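When you read off a place in the sequence shown, starting at 1, and then add 444, the result is the number in this note's numbering. The C-beta atom is built at its ideal place from N, Cα and C for all residues, glycine as well. The structure presented is a predicted model; accordingly, all values stated were derived computationally and were not measured.
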Amino acid sequence: MDHSRTPLFTALKEHAAKNPVQFHIPGHKKGLGTDAEFREFIGDNAFSIDLINIAPLDDLHQPTGVIEEAQKLAADAFGADHTYFSVQGTSGAIMTMIMSVCSPGDKIIVPRNVHKSVLSAIIFTGAKPVFVSPAQDSNVGIDHGITISSVRKALKRHPDAKAVLVINPTYFGVSANLKEIVDLAHSYNVPVLVDEAHGVLIHFHEELPMSAMEAGADMAATSVHKLGGSMTQSSVLNVNTKNGYINPYRVQTIISMLTTTSTSYILLASLDTSRRSLALHGREMAARTIELAQYARDEVNKIEGLYSFGKEILGGEATYSYDPTKLTIHVRHLGITGYETENWLRDHYNIEVELSDMYNILCLITPGDNRETIDILLTALRELSNQYMHVNEINELVVKTPEIPQLSLIPRDAFYGDTEVVPFKESAGRIIAEFIYVYPPGIPILLPGEVISQENIDYIIDHVEVGLPVKGPEDRSIQNVKVIVETDPIF
């Protein structure tokens, strides 16, 4: 296919060039009806293509023209049979995957460290999650993905599962052997859904982990905006129908149900143009990014008190391959937390990182970086080391997350059940009716239907006290929590 073409973006430019008289939404009408300062900042070109699904521009909900062409080009670029554009982010694509294969009461095998969008979809469908614990890294204090052995155990116990969901790669860039997991699940006639939110570049370079489509997975939610150059909130859902598990017409129906009817053509155009860049120059973009990231990693590892893992992490079931463009920097030996490091970098160098936890910060190196941005980061980290090394006591690395709680109710039943509010510190033994998660990356500690343990309470309070971003409950202070009304605690 001719990947130099951008059918949707080209149609938008041609339509804008005709300067039509508009009697349709949006009401700003090429920016003339919006705030003057905002218009000046954004620019008239952006307003000229902020349009809706009028006939010349096709309709994302039932594409038959330029959007259909753009999606076919994307499918070719990503090695998929069908690709659907999402203006609801990768979260919308993830929810579409699950809702396309699960019905009320169905089981779905998922890692415990899934994104909250997975659990939202589980609530919407009324499915029952079968959780698999991710492998933990005792050296840097992070979670990896699930292993082939843990998936095998789950499938033996639950051969009637409707899907297995895999994160590939993880937020920190690490992957298990996805091809083995896919082949195993398919031997049980179970489709594989992949959260590929942090894996758009892996489609375009052999040194990166294998992509979901290459591994034969059935669906993958791939975030183009995170690393591939499109605008925030734009993503794609890639579908492989060769295995016979996925009905593409149902996928179109579900994604349409979850998508606004006022679809952003600016976001859609950015997907169309980013696909062009990736298809034509993706390998070069990825190679340059890998080289920059490796330079950063090598230099970080020369700084006293800091460590960024590389290929030495490989060799385990959960660490089959890794994406070097995810720069995880372990700061524990400076005697400070990752959260404190994030704030220090912001305050002293105007640097914003992707996330922080008790022991690490995560920096994403993308095609938008260059040697200058990397050197600014390195200069800051050297000063950080000079300031904190040998000053504070080194915190003990404790890789301890609570056991997966007992699931007493299907999450949807708990979410919509009769509830009451109780003090969080006194909630042990009660069934929670809301989420508690760490964001970013949005990983759940508790979800509706699970029994709260004292271990959960202590773990969450520890995170709150050191300033880590624990979110989810309606009471943002997490002093109180919603639980299912019942006479006596379960235990």
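- Message: On the CB-based measure, 16 or more other CB atoms within 10 Å of its CB, does H774 come out buried or exposed?
- Response: Stepping through the sequence shown from its first residue, residue 774 is reached at position 330. With 16 or more other Cβ atoms within 10 Å, it is buried.
How about L671 and L808: are their beta carbons less than 8 Å apart? By 1-based counting over the sequence shown, the position of residue 671 is 227. By 1-based counting over the sequence shown, the position of residue 808 is 364. L808 sits close to L671, with the two beta carbons spaced by under 8 Å.
key: Residue closest to G782, alpha-carbon to alpha-carbon, out of V929, S619, K572, I586   = Walking along the sequence shown from the start, residue 782 turns up at place 338. Of the candidates V929, S619, K572, I586, the one whose C-alpha sits nearest the C-alpha of G782 is I586.
Hey, is P846 close to the ligand FAD, as in C-beta under 7 Å from one of its heavy atoms? With respect to small molecules bound, the structure shown includes none, and the ligand FAD cannot be examined in it.
* Taking L821 as the reference, give the member of Y739, S708, I566 with the closest Cα. => Indexing the sequence shown from 1 puts residue 821 at position 377. Among Y739, S708, I566, the Cα nearest to that of L821 is on Y739.
Among residues of its own chain, excluding the 5 on either side of H649, which ones have a beta-carbon nearer than 8 Å to its beta-carbon? Position 205 of the sequence shown holds residue 649. Same-chain partners within the cutoff: G726, R727, A730, A731, I734.
Report the rounded CA-to-CA distance for A629 versus R601, giving the unit in angstroms.
Here residue 629 is taken as the residue at index 185 of the sequence shown, counted from 1. Here residue 601 is taken as the residue at index 157 of the sequence shown, counted from 1. Inter-residue distance for A629 and R601 is about 13 Å (C-alpha atoms, whole angstroms).
(request) Determine, using beta carbons only, whether I952 and N836 come nearer to each other than 8 Å. (result) Nothing about residue 952 can be reported from this structure: the residues present for the chain run from 445 to 935 only.
Open item on the list: Suppose contacts are defined by Cβ-Cβ distances below 8 Å. Is A537 in contact with T527 by that definition?
Closed with: For the purposes of this step, residue 537 is taken as residue 93 along the sequence shown, with counting starting at 1. For the purposes of this step, residue 527 is taken as residue 83 along the sequence shown, with counting starting at 1. Cβ distance not < 8 Å, so A537 and T527 don't count as in contact.
So, for V914: in the same chain, excluding its five sequence neighbours on each side, which residues have a beta-carbon less than 7 Å away from its beta-carbon? Position 470 of the sequence shown, counted from the first residue, corresponds to residue 914. I880, V882, I904, H907, V908, I922, listed in sequence order.
Q. Across which residues does DSSP place P546 in a beta bridge pair?
A. Start at 1 with the first residue of the sequence shown, and residue 546 comes out as number 102. The sequence as given places Cys at residue 546; Pro does not occur at that position. DSSP, once it has assigned bridges, lists no residue as partnering C546.
Just verifying my parser: in three-state terms, what is the DSSP assignment at L853?
Working through the sequence shown from its first residue, we reach residue 853 at position 409. In the structure shown, L853 sits in coil (DSSP, three-state: anything other than H, G, I, E or B).
*Report back the beta-carbon spacing between L681 and M541 to the nearest angstrom; my notes put them in contact at under 8 Å.*
Residue numbering aside, residue 681 sits at position 237 when the sequence shown is read from its first letter. Residue numbering aside, residue 541 sits at position 97 when the sequence shown is read from its first letter. Contact flag correct, Cβ pair sits at about 7 Å.
Straight-line gap, R605 to D550 (C-alpha atoms, nearest Å)
Taking the first residue of the sequence shown as 1, we reach residue 605 at position 161. Taking the first residue of the sequence shown as 1, we reach residue 550 at position 106. Position check: residue 605 holds Ala in this sequence, whereas Arg was assumed. Each residue's alpha carbon lies about 7 Å from the other.
- How close, in whole Å, do the beta carbons of A664 and V638 come, if the pair is a contact with beta carbons under 8 Å? Taking the sequence shown and counting its residues from 1, one reaches residue 664 at position 220. Taking the sequence shown and counting its residues from 1, one reaches residue 638 at position 194. Contact holds; Cβ gap of about 4 Å.
In chain order, what are the residue ranges of uninterrupted beta strand (DSSP E) at least 3 long that sit wholly in the stretch 607–642?
Fully contained in the stretch 607–642 are the following beta strand (DSSP E) runs of length 3 or more, in chain order: 607–611, 636–640.
- Task: Could you have a look at A571 and say whether DSSP puts it in helix, strand or coil?
- Result: Along the sequence shown, one-based indexing puts residue 571 at 127. Look at A571 here: in three-state DSSP terms it is coil, with no helix or strand label.
Those residues which DSSP pairs with T527 across a bridge: Locating residue 527 in the sequence shown gives position 83, where the first residue counts as 1. Per DSSP, N682.
* What does A665 pair with, by DSSP beta-bridge criteria? -> Stepping through the sequence shown from its first residue, residue 665 is reached at position 221. In the DSSP assignment, A665 is bridged to D639, L681.
Mind checking V695: buried by the 16 CB within 10 Å criterion, or exposed? The residue given as residue 695 occupies position 251 in the sequence shown. V695 comes out buried.
Quiz item: Between which two residues does the alpha helix (DSSP H) carrying H774 extend?
Solution: One-based indexing of the sequence shown puts residue 774 at position 330. Looking at the DSSP string, H774 is not in any alpha helix (DSSP H); the run it does join, the beta strand (DSSP E), is 770–774.
- Message: Taking CB distances under 8 Å as the criterion, tell me whether N463 reaches chain C.
- Response: Among the chains in the structure shown there is no chain C, since it carries only a single protein chain.
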